[in-house]
Amino acid sequence: PGYDVAEDDSSWLVTAGAGETWHGLVNRTIDEGMPGLENLALIPGTAGA
Numbered sequence: 073p074g075y076d077v078a079e080d081d082s083s084w085l086v087t088a089g090a091g092e093t094w095h096g097l098v099n100r101t102i103d104e105g106m107p108g109l110e111n112l113a114l115i116p117g118t119a120g121a
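Numbering-wise, this note's numbering comes out as the position in the sequence shown, counting from 1, plus 72.
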């Protein structure tokens with residue numbers, strides 16, 4: 073698991089690896105200053121499921 077971020081002037085493209093916990097991914101993007109996924113927090117499961 074893990075994720076990569078591609079950034080340009082106005083957006084981020086987050087690519088999550090299979091098995092990455094969804095809630096953990098949301099928390100890390102928020103902690104790193106990338107807002108937008110916070111309304112999807114606490115959804116159980118993993119990326120790629």
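Using N, Cα and C, we set each Cβ at its ideal position, and we do this for glycine too.
Note that this is a predicted model, so its numbers are computed, not measured.
With a Cβ-Cβ cutoff of 8 Å, do residue 119 and residue 97 count as a contact?
yes
So, using beta-carbon positions, are residue 73 and residue 92 closer together than 8 Å?
When the beta-carbon positions are compared, residue 73 and residue 92 come within less than 8 Å of each other.
Just to confirm the assignment, what range does the alpha helix (DSSP H) spanning residue 101 have?
Per DSSP, residue 101 belongs to the alpha helix (DSSP H) from 94-103.
Please classify residue 101: is it buried, with 16 or more other beta-carbons within 10 angstroms of its beta-carbon, or exposed?
buried
Roughly how many angstroms separate the alpha carbons of residue 113 and residue 80, rounded to a whole number?
24 Å
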